[in-house]
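Report on the following structure.
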Amino acid sequence: MQQMRFLAAALVLIGHTLHEVYDQFGMSQNYEKMFEWGVGVDIFFVISGFIMYLTSASFVGVRGYPVEFLKRRFERIVPLYWLFTSLMIISSFAVPSAVTHGNLSIFHVISSYSFVPWPRADGAIRPVLALGWTLNYEMFFYIMFAAMLTFKRSVFLYVLSLIFVVLSVCHNFVPEQLWIIDFWTNPIVLEFLAGVWLGWAFKRGLRIPGIAGLALMLLGILGLVVAHSWPIERVLKAGLPAVLIFAGWTFRPNSGNSIVGRFAAYGGDLSYAIYLSHPFSLNVAALIFHRLDMNSPWLFFFSSIAAAVCAGALVHHTIEHPLINFFRLRRQRDRPSGARLEEMGR
Numbered sequence: 022m023q024q025m026r027f028l029a030a031a032l033v034l035i036g037h038t039l040h041e042v043y044d045q046f047g048m049s050q051n052y053e054k055m056f057e058w059g060v061g062v063d064i065f066f067v068i069s070g071f072i073m074y075l076t077s078a079s080f081v082g083v084r085g086y087p088v089e090f091l092k093r094r095f096e097r098i099v100p101l102y103w104l105f106t107s108l109m110i111i112s113s114f115a116v117p118s119a120v121t122h123g124n125l126s127i128f129h130v131i132s133s134y135s136f137v138p139w140p141r142a143d144g145a146i147r148p149v150l151a152l153g154w155t156l157n158y159e160m161f162f163y164i165m166f167a168a169m170l171t172f173k174r175s176v177f178l179y180v181l182s183l184i185f186v187v188l189s190v191c192h193n194f195v196p197e198q199l200w201i202i203d204f205w206t207n208p209i210v211l212e213f214l215a216g217v218w219l220g221w222a223f224k225r226g227l228r229i230p231g232i233a234g235l236a237l238m239l240l241g242i243l244g245l246v247v248a249h250s251w252p253i254e255r256v257l258k259a260g261l262p263a264v265l266i267f268a269g270w271t272f273r274p275n276s277g278n279s280i281v282g283r284f285a286a287y288g289g290d291l292s293y294a295i296y297l298s299h300p301f302s303l304n305v306a307a308l309i310f311h312r313l314d315m316n317s318p319w320l321f322f323f324s325s326i327a328a329a330v331c332a333g334a335l336v337h338h339t340i341e342h343p344l345i346n347f348f349r350l351r352r353q354r355d356r357p358s359g360a361r362l363e364e365m366g367r
């Protein structure tokens with residue numbers, strides 16, 4: 022699972038770095054457009070549904086668990102996101118030339134901290150920290166999933182599925198002026214639902230041969246290359262390949278504890294920190310290259326990737342991991358109220 026998280030973060034990082042190379046140096050966009058690099062986000066959504074089901078399936082219908090579930094999700098996601106949102110706000114005032122779409126309104130700032138979709142100055146529905154749009158969806162997933170946990174186990178999955186399918190169908194009938202509803206009814210929410218059902222299948226012992234897993238992953242990659250420029254919904258050209266890649270990797274036999282596997286798993290630990298911090302790393306790298314009058318696109322690409330990973334590791338070890346430990350220790354002190362609830366996967 023951590024290896025998949027690392028893959029997802031790496032794809033997003035590569036895609037954004039290629040865009041920065043084009044933006045800063047005018048290099049051809051062929052590399053950026055040859056592949057649906059943003060599929061990393063779609064993989065994250067599938068992982069989210071998968072993990073939530075595996076860690077919560079045993080507590081469906083248990084009194085008090087939905088609140089505990091939300092509390093733990095908020096502890097995991099919110100502090101670091103608020104930190105980088107605050108840094109982006111500070112940056113927009115301190116170095117406005119380095120921040121794209123830096124014009125802020127009080128409503129935009131409040132909505133960014135509260136995970137509510139809101140248009141920025143150029144009309145795009147993006148929070149202050151632009152990539153936080155994915156976390157607006159994550160928070161929506163958490164709240165919907167927690168609400169469904171109050172149902173009986175026999176109907177939990179069916180009610181959840183019905184709601185997300187209905188939301189996706191309604192998307193075509195929602196006017197763009199109702200941007201909050203338009204945002205949360207986007208068919209991309211079906212990627213989370215797919216992850217939930219994959220979690221259901223995994224928990225029941227479904228596994229596939231290694232060759233079948235490889236075939237699914239190759240099919241997913243092929244779909245990303247072929248359908249990248251097709252005028253179809255993202256859930257089809259990126260979401261479906263994300264499901265195939267994730268299923269092919271996750272349901273195959275365990276390949277062992279190799280050095281590469283351990284490195285990728287460590288990268289998974291860093292994935293959230295890399296995801297949130299890499300826009301700052303790329304901006305700093307661009308400023309340094311311009312200050313030193315360096316004009317090598319590929320040197321910028323590889324050095325920016327390395328800088329983003331190092332910055333993510335620094336954030337993880339100095340901020341994120343201590344926060345995780347802080348909340349974990351606080352829960353242990355607060356027991357026995359939470360004693361019968363298992364520690365959720367991180």
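Position 117 of the sequence shown, counting from 1, maps to 138 under the working numbering, and the rest follow consecutively.
Built from N, CA and C at the ideal position, the CB exists for glycine as well.
Small disclaimer: the values here were computed from a predicted structure and weren't measured.
- Message: Short of 6 angstroms in beta carbon distance, which residues of its chain neighbour proline 148, apart from the five on each side in sequence? Order them along the chain.
- Response: Your numbering for residue 148 matches position 127 in the sequence shown. Around proline 148: Ser133.
- Sheet register partners of proline 318 (DSSP bridge): Reading the sequence shown from its first residue, position 297 is the one you call residue 318. DSSP output for proline 318 lists no bridge partner at all.
- Query: Is it true that the CB of tyrosine 163 sits closer than 8 angstroms to the CB of valine 210?
  - Reply: Position 189 of the sequence shown, counted from the first residue, corresponds to residue 210. Position 142 of the sequence shown, counted from the first residue, corresponds to residue 163. Contact flag unset, no.
- Message: Can you check which of these residues, Met238, Arg349, Arg352, Met160, is closest to methionine 25 by C-alpha distance?
- Response: For the purposes of this step, residue 25 is taken as the residue at position 4 of the sequence shown. When each option's Cα is compared against that of methionine 25, the closest is Met238.
- Measure from the alpha carbon of tryptophan 319 to the alpha carbon of each residue in Arg351, Met169, Ala306, Cys331, then state which is nearest. Translated into positions along the sequence shown, residue 319 becomes position 298. Ranking Arg351, Met169, Ala306, Cys331 by Cα distance to tryptophan 319 puts Ala306 first.
- Since proline 117 sits in a beta bridge, which residues does DSSP pair it with? Locating residue 117 in the sequence shown gives position 96, counting from the first residue. According to DSSP, proline 117 bridges with nothing at all.
- Item | Contacting residues, own chain, Cβ-Cβ under 8 angstroms from alanine 236 (five flanking each side not counted) | Position 215 of the sequence shown, counting from 1, holds the residue named residue 236. Closer than 8 angstroms at the Cβ level, and outside the excluded window around alanine 236, lie Gly269.
- Item | C-alpha distance - alanine 31 paired with glycine 61, whole-angstrom precision | Position 10 of the sequence shown holds residue 31. Position 40 of the sequence shown holds residue 61. Answer to the nearest angstrom: the Cα atoms are 7 angstroms apart.
- Item | alpha helix (DSSP H) segments (min. 4 residues) lying fully within the segment 129-202 | 154-169, 174-191
- Which one of Ile98, Glu197, Phe65 has the shortest CA to CA distance from glutamate 341? For the purposes of this step, residue 341 is taken as the residue at position 320 of the sequence shown. Nearest of Ile98, Glu197, Phe65 to glutamate 341, Cα basis: Ile98.
- By DSSP, does proline 343 sit in helix, in strand, or in coil? Taking the sequence shown and counting its residues from 1, the one referred to as residue 343 is at position 322. Reduced to three states, the DSSP call for proline 343 is helix.
- Message: Give me the residue from Arg141, Glu96, Met165 with the minimum Cα distance to isoleucine 110.
- Response: Residue 110 sits at position 89 when you count from the first residue of the sequence shown. Isoleucine 110 has its Cα closest to that of Arg141, out of Arg141, Glu96, Met165.
- Message: In the DSSP assignment, the alpha helix (DSSP H) including isoleucine 229 goes from what residue to what residue?
- Response: Walking along the sequence shown from the start, residue 229 turns up at place 208. Run containing isoleucine 229: none; DSSP gives neither H nor E here.
- Message: Taking the alpha-carbon of serine 135 as reference, which of Phe90, Gly153, Arg312 has the nearest alpha-carbon?
- Response: Along the sequence shown, one-based indexing puts residue 135 at 114. Closest option to serine 135, Cα to Cα, is Gly153.
- Item | As assigned by DSSP and simplified to three states, the class of methionine 25 | Numbered from 1 along the sequence shown, position 4 holds the residue referred to as residue 25. Of the three classes helix, strand and coil, the one that applies to methionine 25 here is helix, per DSSP.
- Message: Suppose the cutoff is 7 angstroms on Cβ atoms and the five residues either side in sequence are ignored; what does the same chain contact list for methionine 169 look like?
- Response: For the purposes of this step, residue 169 is taken as residue 148 along the sequence shown, with counting starting at 1. Closer than 7 angstroms at Cβ, skipping near neighbours: Phe177, Val180, Leu181.
- Query: Which residues bound the alpha helix (DSSP H) around asparagine 304?
  - Reply: Looking up residue 304 in the sequence shown gives position 283. First-last of the alpha helix (DSSP H) with asparagine 304: 280-312.
- Task: For glutamine 353, count neighbouring C-beta atoms within 10 Å of its own C-beta (all shown protein chains included) and say buried if the count is 16 or more, exposed if not.
- Result: Along the sequence shown, read from residue 1 onward, the residue named residue 353 stands at position 332. So glutamine 353 ends up on the exposed side.
- Task: Assign proline 87 to one of two classes, buried (16 or more other C-beta atoms within 10 Å of its C-beta) or exposed (fewer than that).
- Result: Here residue 87 corresponds to residue number 66 of the sequence shown, with the count starting at 1. Buried, by the Cβ-count rule.
- phenylalanine 66 and phenylalanine 213 closer than 8 angstroms at C-beta: Locating residue 66 in the sequence shown gives position 45, counting from the first residue. Locating residue 213 in the sequence shown gives position 192, counting from the first residue. Going by C-beta atoms, phenylalanine 66 is nearer than 8 angstroms to phenylalanine 213.
- Query: Taking just the CA atoms, how far does glycine 288 sit from methionine 315?
  - Reply: As a first step, residue 315 must be located in the sequence shown, where it is residue number 294. As a first step, residue 288 must be located in the sequence shown, where it is residue number 267. Going from the Cα of methionine 315 to the Cα of glycine 288 covers about 29 angstroms.
- Task: Using beta-carbon positions only, say whether leucine 265 and glycine 241 come within less than 8 angstroms of one another.
- Result: For the purposes of this step, residue 265 is identified with residue 244 of the sequence shown, where counting begins at 1. For the purposes of this step, residue 241 is identified with residue 220 of the sequence shown, where counting begins at 1. Contact: yes.
- Got a sec? Which residues, its chain only, sit under 7 angstroms from histidine 129 by beta carbon, not counting five neighbours each side? For the purposes of this step, residue 129 is taken as the residue at position 108 of the sequence shown. Cβ neighbours of histidine 129 beyond the five flanking positions: Trp139, Arg141, Val149.
- Item | Residues of its chain near serine 292, where Cβ-Cβ distance is below 6 angstroms and the 5 sequence neighbours each way are ignored | Looking up residue 292 in the sequence shown gives position 271. Around serine 292: Arg26, Phe27, Ala30.
- Task: Report the option in Arg255, Leu308, Ser298, Phe322 whose CA atom is closest to the CA atom of cysteine 18.
- Result: In the structure as shown, the chain begins at 22 and stops at 367. Residue 18 is therefore absent and cannot be evaluated.
- Do proline 274 and glycine 231 have their CB atoms nearer than 8 angstroms? Looking up residue 274 in the sequence shown gives position 253. Looking up residue 231 in the sequence shown gives position 210. Cβ atoms of proline 274 and glycine 231: closer than 8 angstroms.
- Among residues of its own chain, excluding the 5 on either side of histidine 192, which ones have a beta-carbon nearer than 8 angstroms to its beta-carbon? Position 171 of the sequence shown holds residue 192. Only Asp203, Thr206, Asn207, Pro208 meet the Cβ criterion.
- Task: Quick one: residues in its chain with C-beta nearer than 6 angstroms to the C-beta of asparagine 278, no 5 flanking neighbours on either side, listed in chain order?
- Result: Counted from its first residue, the sequence shown places residue 278 at position 257. No residues qualify anywhere along the chain.
- Query: Near serine 302, what residues of its chain come up, given a Cβ to Cβ distance below 6 angstroms and the 5 sequence neighbours on each side ignored?
  - Reply: What you label residue 302 is simply residue 281 of the sequence shown in a count that begins at 1. Closer than 6 angstroms at the Cβ level, and outside the excluded window around serine 302, lie Ala328, Ala329, Ala332.
- Just the Cα atoms here: how many angstroms apart are serine 107 and arginine 93? The sequence position of residue 107 within the sequence shown is 86, counting from 1. The sequence position of residue 93 within the sequence shown is 72, counting from 1. Approximately 22 angstroms, taken between the alpha carbons.
- Please determine, among Met55, Gln45, Ile127, Leu39, the residue with the shortest C-alpha to C-alpha distance to alanine 248. Taking the sequence shown and counting its residues from 1, the one referred to as residue 248 is at position 227. The candidate whose alpha carbon is nearest that of alanine 248 is Met55.
- Close beta carbons around phenylalanine 185, own chain, < 8 angstroms, minus the five adjacent residues each side: In the sequence shown, counting from the first residue as 1, residue 185 sits at position 164. Correct list, in chain order: Met165, Val210, Leu211, Phe213, Leu214.
- Query: Taking Cβ positions, are phenylalanine 267 and isoleucine 64 nearer each other than 8 angstroms?
  - Reply: Start at 1 with the first residue of the sequence shown, and residue 267 comes out as number 246. Start at 1 with the first residue of the sequence shown, and residue 64 comes out as number 43. Against a cut-off of 8 angstroms, the Cβ pair of isoleucine 64 and phenylalanine 267 comes out as a contact.
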